[in-house]
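Remarks on the structure that follows.
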Amino acid sequence: MSANAHNDAHGHDVHAELGVAHGSMRSYMTGFVLSVILTAVPFWLVMSGKIGNPTWTAAIVLVFAVVQIVVHMIYFLHMNFKSEGGWSMLALVFTLIVVGIAMAGSLWVMYHLNTNMMPSHDMRQML
Amino acid sequence: MSTTVTAPSEAPVFYVVDEHPHPEGHSTALGFWIYLMSDCLIFAILFATFGVLGGNYAAGPGPRDLFDLNLVALNTTMLLLSSITYGFAMLAMDKDRVKATQFWLVITGLFGLAFLSIELYEFHHMIAEGATPQRSAFLSAFFTLVGTHGLHVTFGIIWLVTLMVQVHQRGLVVANKRRLMCLSMFWHFLDVVWIGVFTFVYLLGMLR
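So the protein sequences, as listed, match chains H and B. Each residue of the first sequence is one higher than the one before, starting from 9 at the first, in the working numbering. Each residue of the second sequence is one higher than the one before, starting from 7 at the first, in the working numbering.
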């Protein structure tokens, strides 16, 4: 019984018992190349001002960010529907729902608060 | 009463009599993932705060006056490179190559330090110009959000050094592999948060 075989057995145990998906050189490099592209394009768009319309630029930049987050989740964090018997994905989905509610709710409510409750500059109302 | 009085052999089983074995650390990955998700909520709240207050300059400097996208692009590159080098460390770990693992961990740590240095340089530059966290709600939210991320990276580097010492002392034993796997998730998670920061704070800030 060599030390090496022992190590190998352990290595397998770790991944079997941790239920961790493996990354390979190929998947890491795919993720890296994709995220370089997904980072470079938004920076270039904003820095060069290629698209004249800021609203459109912002929308495109946001889409790139979402795609890049998904790429990182898949290739770097090894997310899938099978790891931990699906509990990782369930926790992620739950978190995304809470984050979505908190973000959208805060921005929406505060935007309307700002718009509707801005102090009026018409001083006659104060009299 | 009559329903409960049945023969023992026919009694419905409401629980698993023999619990299946739980090897040490079998649930660490899930537990750590749930921690990361709670961390994600912290960042979500800070992002929401920045989203709400990000336009309140109090007649002070705004994103266009303060941010240098070249610097941010450089910073992003550092963090992205540190992510892939940590990936290389994990690949070396899978093959039980201690030296290669340590080498990639050092490279990862150096990229992390470069990221932090650039961020601190940026903060110093801003504060020297008078754009302190007290200047406006925008700057308070900015420093809280970006500073919290930087603090996470700082603790990630401390953790990285700790693990390098442990791998040096004990080698790539199961416990150390588990710890390296947790730090891997933490490190890549910070990169994911940074995507949000450079998009939401810097790029969209310049478009405001």
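Note that beta-carbon positions come from the ideal geometry of N, C-alpha and C, so glycine has one too.
- Assignment of G156/B by DSSP, reduced to helix, strand and coil, places it in the helix class.
- Only those residues of the region 48-65 of chain H whose C-beta falls short of 7 Å from the nearest C-beta of chain B are listed: P50, F51, V54, M55, P62 and T65.
- In this chain, the alpha helix (DSSP H) harbouring T82/B covers L75 to D100.
- With a cutoff of 9 Å on beta-carbon distance, A67/H and F206/B are scored as not near each other.
- Membership of Y127/B in the alpha helix (DSSP H) is indicated by the continuous run V104 to A134.
- With respect to the 9 Å criterion, A147/B and T55/B are classified as neighbours on the basis of their beta carbons.
- Rounded to whole angstroms, the Cβ separation of L189/B and L169/B is 6 Å, and the two are in contact under 8 Å.
- When rounded, the separation of the alpha-carbon atoms in G39/H and A79/B is 18 Å.
- The residue from M118/H, S43/H, A110/H and L115/H with its alpha-carbon nearest to that of V75/H is S43/H.
- Closest by C-alpha distance to H131/B, out of D74/B, G60/B and L52/B, is D74/B.
- Restricting attention to alpha helix (DSSP H) runs no shorter than 4 residues, the region 51-75 of chain B encloses them at 69-72, ordered along the chain.
- Non-local beta-carbon contacts of A137/B in its own chain, meaning distances under 6 Å to residues more than five positions away in sequence, involve P67, L72 and L145 in chain order.
- Secondary structure note for I68/H: its alpha helix (DSSP H) is the uninterrupted segment P62 to Y83.
- Judged by DSSP in its simplified three-state form, R34/H adopts helix.
- Counting C-beta atoms within 10 angstroms of its own C-beta, N124/H has fewer than 16 neighbours from the protein chains shown and is therefore classed as exposed.
- Taking N62/B as the centre and dropping the five residues before and after it, the same chain places the C-beta of S142, A143 and F144 closer than 8 Å to its C-beta, in chain order.
- Straight-line spacing of the CA atoms in N182/B and T150/B works out to 33 Å.
- Fewer than three Cβ pairs drawn from the region 80-89 of chain H and the region 26-38 of chain B lie within less than 8 Å of each other, which leaves the two stretches out of contact.
- T107/B is outside the set of residues whose beta carbon lies under 9 Å from a beta carbon in chain H.
- At a Cβ-Cβ threshold of 9 Å, W193/B and S89/B count as neighbours.
- Within the same chain, Cβ atoms closer than 7 Å to the Cβ of L87/B are found at F117, the five residues on either side in sequence being excluded.
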